[in-house]
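Student: Encoded as structure tokens, here's the structure I'll be asking about.
Number of protein chains: 2
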Amino acid sequence: MKVSKPGRRGSGRITAEDVARRLGVSQSTISRAFSPSASISENMKKRVASAALELGYQPNVIARSLITRRTDIVAIVIGNLVDPFYTTLLRILTERLQASGKQTLLFSSSQAGGLDAILPTLLQYQVDGIVITSAAVSSDMVRICAKRETPVVLLNRYVPGIEISAVSCDNVEGGRQMARYLVELGHERLAFVSGQPDASTSLDRQQGFISELAQYGISSCVIEQAGEYSYEAGYEAALRLMRSGNVPDGVFFASDIMAIGGMDAFRAKGLSIPHDISVVGFNDVPLAAWPTYSLTTVRHPWEEMADSVVEMLGLDAGATPKKATTQLIPGALIQRSSAGPRSGQAPRPFARSARHGPQ
Amino acid sequence: MKVSKPGRRGSGRITAEDVARRLGVSQSTISRAFSPSASISENMKKRVASAALELGYQPNVIARSLITRRTDIVAIVIGNLVDPFYTTLLRILTERLQASGKQTLLFSSSQAGGLDAILPTLLQYQVDGIVITSAAVSSDMVRICAKRETPVVLLNRYVPGIEISAVSCDNVEGGRQMARYLVELGHERLAFVSGQPDASTSLDRQQGFISELAQYGISSCVIEQAGEYSYEAGYEAALRLMRSGNVPDGVFFASDIMAIGGMDAFRAKGLSIPHDISVVGFNDVPLAAWPTYSLTTVRHPWEEMADSVVEMLGLDAGATPKKATTQLIPGALIQRSSAGPRSGQAPRPFARSARHGPQ
DNA sequence: TTGAAAGCGTTACCAT
DNA sequence: ATGGTAACGCTTTCAA
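Just so you know, the sequences run in chain order A and B.
Position 51 (the first sequence) corresponds to 51 in our numbering; numbering is contiguous.
To convert, count from 1 in the second sequence and add 1000; that's our numbering.
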């Protein structure tokens, strides 16, 4: 006869052992009752379920992960929780992960040390995957993660020389769309306000914009460096643009939040939008749709991006350790009223470039 | 002589055992090298450190938590990741937790089922504490958490009849401050726009506002229900306020995001702020400081609130299982330009109620 | 279908 | 100061 183990320890923790004792069965049986694929009689399953409910038992996923090697936790590294773009990204991604039964362990990389300081602690938590939406990624990090077989996906950015998966909006094409749109509205004196000078997102949007302008025979475009993706930076950049003397008639800001700062600056100086100047952004954050701004922008394919991330992390059943690939998903031009035809021209001469109408 | 265990399993996981073998010492020694309070020679500690670095070893906190019963993970339940108030709260709290060596497991309760659906999975992760910033909290939940000895803190709300800790801004006093401020600017025809009708935050601000108005002999105040804390709801509420015929000369919105929606609505209808109408909000989200809005509001004591939460969770060394208490922290009236003296009056007759100047 | 036992990677206690 | 060993709560063989 089995000698029953000592009773409950001081803690309020209820274990499978407790349920087993209650039912007079083995602890393994309790485990099986919570494992969908295990073979257990329907009757026993029911008995366990009711006993568990009664005792308030819930399997300890932490203990489980030790043996299954899956925590169902995904780490998300976010740089700037002030920027609505990132909070939107976080929201969409967390909801998507939650829907797949994964939980989000949130890391803010704005802390001192950046990603380098975060990565070690992050890995200690044995996360099933890492999503990085910001911060510099070194090849050292990639090597460390690869060695531990922890999948990493860069979201909204990519690092060329590195073996790492990435999913991002097609920023080059987005820049092109904006160029086409503004040119077809009749604008010729254009400006681009860049974000962080080394961010691939900003660079790509710029490159797409400039190269498409060239297609239309517009070879000059003022490039104003805002320095960072923020309202204040956009505001200041707009002021500098105005001080420079020749105010453009169309400005493409590398992100919505900068564009909105820019609009406020232009208006503060008495310009009317879009009459005196057309402003467009990128991202389509909720703010952009507000009537005060009604910002024409490129909508990020939020849902598709989130889906891609989940797929590339290989979190679903068949964990295919995908080779590192970069996936670009096209965005959609959202026409609102912050950009209009050049003053004195007929409104909306072409609508060809608007692949999607206003929402 | 000890028989060495079989070598590494397929996985890329490096364990303390691996480091021990490498150094020809026991696994316990490796563990001690990573435990600050353990007794280990300085020399050995160094040898372990370098071997660990070489092999890429990091202690598995998941395994550790099994025995220490501390995961260093705090669950944060956020209802509305669109509202800048909540994203700000999340940012501040996550940074504060990270600074204390705790990690944030993020749960969005806007998902179907709300908190009831989330709590079970949340508890499976053996979190050290739970911070709830939204959603209804039932006494059942409180009982379950209490049984498991998992501390719970309500942030920015409280539930009267329940034995649960809460930390919140002093909403009643905030409402009073706003009443004083608007009255002293000369306004008499006032309105309050409420958020969710059952939210303690909204109710308290309303109560403080109304009761303080009464102190000044103003017994009537229009109450407009916006229904939820959102830009759109604020916008619509403002429109209804205007349609009602007697437009107030001062409106207190229960939250900044509603106030901003309201400002846009008033302006869209041709009103000038603060000339025709004064608007004030609550929270002091980053948006409120933008020049377009320059919203007078009550600043949430973000940092103090975060500090209080950490303290009430008892996460630091001496885990005092505090009795459930509700802590109210006063906010600060931030004077900006969305509210001004009643048209035709001398500007700023009193400044008494502005406890802090504009930032 | 069920039970017993061997881990998973760590900490903590007991020896030495 | 260090090594051995028993937990921690679970999943997963292997037997029955």
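Where a beta carbon is used, it is the ideal one built from N, C-alpha and C, also for glycine.
Output yes if chain A places a C-beta closer than 8 Å to the C-beta of residue 1062(B); else output no.
Tutor: Closer than 8 Å to some Cβ of chain A, the Cβ of residue 1062(B) qualifies, so yes.
Student: Measuring only the C-alpha atoms, how far is residue 1205(B) from residue 1328(B)?
Tutor: Rounded to the nearest angstrom, the two C-alpha atoms are 13 Å apart.
Student: Could you compute how far the alpha carbon of residue 341(A) sits from the alpha carbon of residue 187(A)?
Tutor: Each residue's alpha carbon lies about 7 Å from the other.
Student: I'd like to check one pair, residue 20(A) with residue 27(A): are the Cβ atoms closer than 8 Å?
Tutor: Yes; because the gap between Cβ atoms is below 8 Å, this pair is in contact.
Student: Return the chain-ordered list of same chain residues with a C-beta closer than 8 Å to the C-beta of residue 182(A), the five sequence neighbours on each side being excluded.
Tutor: Only 190, 250, 252, 278, 280, 339 meet the Cβ criterion.
Student: Excluding sequence positions up to five away, which residues of its chain have a Cβ less than 7 Å from the Cβ of residue 1265(B)?
Tutor: Contacts found: 1235, 1238, 1239.
Student: Inspect the beta-carbon positions of residue 1193(B) and residue 1254(B) and report whether they are closer than 8 Å.
Tutor: Closer than 8 Å, so yes.
Student: What's the gap between the Cα of residue 1202(B) and the Cα of residue 1195(B)?
Tutor: Taking the straight line joining both Cα atoms gives about 6 Å.
Student: Do we get a CB-CB distance below 8 Å when we pair residue 180(A) with the residues of chain B?
Tutor: No, its Cβ sits nowhere closer than 8 Å to a Cβ of chain B.
Student: With 7 Å as the limit, tell me which residues of the stretch 1218-1247 of chain B have their beta carbon closer than that to any beta carbon of chain A; keep them in chain order.
Tutor: Those residues of the stretch 1218-1247 of chain B that come within reach of chain A (Cβ to Cβ, closer than 7 Å) are 1231.
Student: Is it buried or exposed for residue 1316(B), if we count other Cβ within 10 angstroms and need 16 for buried?
Tutor: With fewer than 16 Cβ atoms within 10 Å of its Cβ, residue 1316(B) is classed as exposed.
Student: Given this structure, state the Cα-to-Cα distance separating residue 1146(B) from residue 1153(B), to the nearest angstrom.
Tutor: Roughly 12 Å separates the two Cα atoms.
Student: Taking its Cβ as the centre, do 16 or more other Cβ atoms sit within 10 Å of residue 1284(B), making it buried, or is it exposed?
Tutor: Buried, by the Cβ-count rule.
Student: State buried or exposed for residue 243(A), treating a residue as buried only when at least 16 other CB atoms are found within 10 Å of its CB.
Tutor: By the 10 Å Cβ count, residue 243(A) comes out exposed.
Student: What's the C-alpha gap between residue 294(A) and residue 44(A)?
Tutor: Answer to the nearest angstrom: the Cα atoms are 60 Å apart.
Student: Put residue 169(A) into one of helix, strand or coil per three-state DSSP.
Tutor: In the structure shown, residue 169(A) sits in a strand (DSSP, three-state: E or B).
Student: Rounded to a whole number of angstroms, what is the C-alpha to C-alpha distance between residue 1060(B) and residue 151(A)?
Tutor: Cα to Cα, residue 1060(B) sits roughly 18 Å from residue 151(A).
Student: Does the beta-carbon of residue 1303(B) have 16 or more other beta-carbons within 10 angstroms, so that it is buried, or is it exposed?
Tutor: The residue is exposed, with fewer than 16 neighbouring Cβ atoms inside 10 Å.
Student: Select from 1062(B), 1034(B), 1063(B) the residue whose C-alpha is nearest the C-alpha of residue 1051(B).
Tutor: That would be 1034(B), whose Cα lies nearest to the Cα of residue 1051(B).
Student: DSSP on residue 1001(B), reduced to helix/strand/coil?
Tutor: Residue confidence is low: residue 1001(B) scores 36 on pLDDT, short of 50, so the model does not pin down where it sits. No coordinate-derived value is stated.
Student: Considering only the alpha carbon of each residue, which of 1306(B), 1223(B), 1134(B) lies closest to residue 1083(B)?
Tutor: Selected option, being the one with the closest Cα: 1134(B).
Student: Below 8 Å on C-beta distance, what does residue 147(A) contact in chain B?
Tutor: Those are 1012, 1056, listed as they occur along chain B.
Student: Would residue 18(A) count as contacting chain B if we go by Cβ distances under 8 Å?
Tutor: Chain B, which has no Cβ nearer than 8 Å to the Cβ of residue 18(A), makes this no.
Student: Buried or exposed: residue 136(A), going by 16 or more other Cβ atoms within 10 Å of its Cβ?
Tutor: It counts as exposed.
Student: Is the CB-CB distance between residue 1336(B) and residue 1292(B) below 8 Å?
Tutor: It is not a contact, given that the beta carbons lie outside the stated cut-off.
Student: Output, in chain order, the set of chain B residues within a Cβ distance shorter than 9 Å of residue 120(A).
Tutor: The answer, in chain order, is 1058.
Student: Are the CB atoms of residue 1162(B) and residue 125(A) nearer to each other than 8 Å?
Tutor: Their beta carbons are not under 8 Å apart, which means residue 1162(B) does not touch residue 125(A) by this criterion.
Student: Determine whether the Cβ of residue 1006(B) lies closer than 8 Å to any Cβ atom of chain A.
Tutor: Residue placement at residue 1006(B) is poorly supported in this model, since its pLDDT is 44, which falls under 50; the coordinates still yield a value, given next. Residue 1006(B) does not count as touching chain A.
Student: Helix, strand or coil: which one does DSSP assign to residue 1344(B)?
Tutor: For residue 1344(B), the predicted structure reports a pLDDT of 49, less than 50, and the residue's modelled location is therefore unreliable. The matter cannot be settled from this model.
Student: To which residues of the same chain is residue 32(A) closer than 7 Å at the C-beta, ignoring the five residues directly before and after it?
Tutor: Excluding positions up to five away in sequence, the list reads 38, 40.
Student: Check the Cβ of residue 1268(B) against every Cβ in chain A and list those closer than 8 Å, keeping chain order.
Tutor: The answer, in chain order, is 291.
Student: So is residue 18(A) buried or exposed if we call it buried at 16+ other beta carbons inside 10 Å?
Tutor: Buried, by the Cβ-count rule.
Student: Can you confirm whether residue 1048(B), when its beta carbon is compared against all beta carbons of chain A, has any partner nearer than 8 Å?
Tutor: Not an interface residue.
Student: Can you tell which of 1148(B), 1308(B), 1174(B) has its C-alpha closest to the C-alpha of residue 1330(B)?
Tutor: Residue 1174(B) is the option with its Cα nearest to residue 1330(B).
Student: What did DSSP end up calling residue 327(A) once you bin it into helix, strand or coil?
Tutor: Here residue 327(A) sits in strand by DSSP.
Student: Can you give me the Cβ contacts of residue 1090(B) inside the same chain, cut-off strictly under 7 Å, excluding the 5 residues immediately before and after it?
Tutor: If we look at residue 1090(B) and ignore the five residues flanking it on each side, its Cβ neighbours are 1076, 1078.
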